[in-house]
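First comes the structure, then the notes that go with it.
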DNA sequence: CGCATGTTTCGATAATTGTAGAAATATAAA
DNA sequence: TTTATATTTCTACAATTATCGAAACATGCG
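Protein chains in written order, with this note's numbering: chain A, 1 to 95; chain B, 96 to 190.
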């Protein structure tokens, strides 16, 4: 794993609103949640949520799918699993 | 663990220079490295490194001790271990 | 079509962050 | 005590980020 890639993912997840969004989506399971429901549950303004969602999407932590007018968001675990594994291996034991 | 505490640590580690510094210190082991050596190895300007070191210190990821004129930096693993454990438990399996 | 709902883009603003030169501080050595 | 070395603080500036109202876009319904 590239240092910069790891840093980038950590910085995207390292924002309290984005971390809350991601955790909510993890809890929501494989179907995810509509944007509007995330917005309501976390009490964030629409444009603000949209901004954060796109940053999470940008590093592959979230995917979206549409059903009618409703856009669902689903947490993607693989990128975070890789980073957590990396940190565990490289940063959790002093050499 | 508080959401905000986790987010804060992730954001501090989520910067490529700081991540490099931390990884270097992890590799350096329990004695750590002098600030000057970190600076040289990563080719960073003094004030810039000092800034980043203090941010790492601020979230408990680094500690320093002095020996004569030389200030050593040592990686502190516990906070990261906690966060990695948290992420592993809360964010690596869809409910 | 015209309207309602869900979400995004635009645009502006405030706040935070990263960077590094110059000057200051700390410690030790000559 | 002068000088050298190690590091930080001060300061300023550029860049990025977070926020959200208003307007626009997307989709489906009557």
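Cβ coordinates follow ideal geometry from the N, Cα and C atoms, glycine included.
8 angstroms contact criterion, which residue i and residue j should meet: CB distance rounded
i, j, result
"residue 76 of chain A", "residue 63 of chain A", "6 angstroms"
"residue 21 of chain A", "residue 186 of chain B", "Incorrect: roughly 12 angstroms between the Cβ atoms, too far for contact."
For residue j and residue i, the rounded distance between their alpha carbons
i, j, result
"residue 46 of chain A", "residue 36 of chain A", "8 angstroms"
"residue 118 of chain B", "residue 28 of chain A", "34 angstroms"
"residue 177 of chain B", "residue 39 of chain A", "29 angstroms"
"residue 89 of chain A", "residue 109 of chain B", "17 angstroms"
"residue 182 of chain B", "residue 129 of chain B", "31 angstroms"
"residue 53 of chain A", "residue 161 of chain B", "44 angstroms"
"residue 3 of chain A", "residue 84 of chain A", "13 angstroms"
"residue 5 of chain A", "residue 41 of chain A", "30 angstroms"
"residue 146 of chain B", "residue 61 of chain A", "30 angstroms"
"residue 1 of chain A", "residue 163 of chain B", "38 angstroms"
Residue i versus the options, residue with shortest Cα-Cα distance
i, options, result
"residue 138 of chain B", "B/96, B/112, B/187, B/185", "B/112"
"residue 144 of chain B", "B/166, B/162, B/126", "B/166"
"residue 268 of chain B", "A/59, A/11, A/31, A/3", "This structure cannot speak to residue 268 of chain B, because chain B is shown only from 96 to 190."
"residue 168 of chain B", "B/136, B/103, B/152", "B/152"
"residue 80 of chain A", "B/146, B/105, B/156, B/97", "B/105"
"residue 103 of chain B", "A/2, A/19, A/8", "A/19"
"residue 107 of chain B", "B/154, B/164, B/173", "B/154"
DSSP three-state assignment for residue i, whether helix, strand or coil
i, result
"residue 55 of chain A", "helix"
"residue 45 of chain A", "coil"
"residue 33 of chain A", "strand"
"residue 177 of chain B", "helix"
"residue 94 of chain A", "coil"
"residue 77 of chain A", "coil"
"residue 164 of chain B", "coil"
heavy atom of the ligand PLP below 8 angstroms from residue i C-beta
i, result
"residue 82 of chain A", "Annotation note on the ligand PLP: not contained in the displayed structure, which lists no ligands."
Beta carbon proximity, residue i to chain B, threshold 9 angstroms
i, result
"residue 37 of chain A", "no"
"residue 34 of chain A", "no"
"residue 47 of chain A", "no"
"residue 18 of chain A", "yes"
Residue-chain proximity (residue i, chain A), Cβ-Cβ < 9 angstroms
i, result
"residue 110 of chain B", "yes"
"residue 138 of chain B", "no"
"residue 168 of chain B", "no"
"residue 164 of chain B", "no"
"residue 151 of chain B", "no"
"residue 106 of chain B", "yes"
"residue 148 of chain B", "no"
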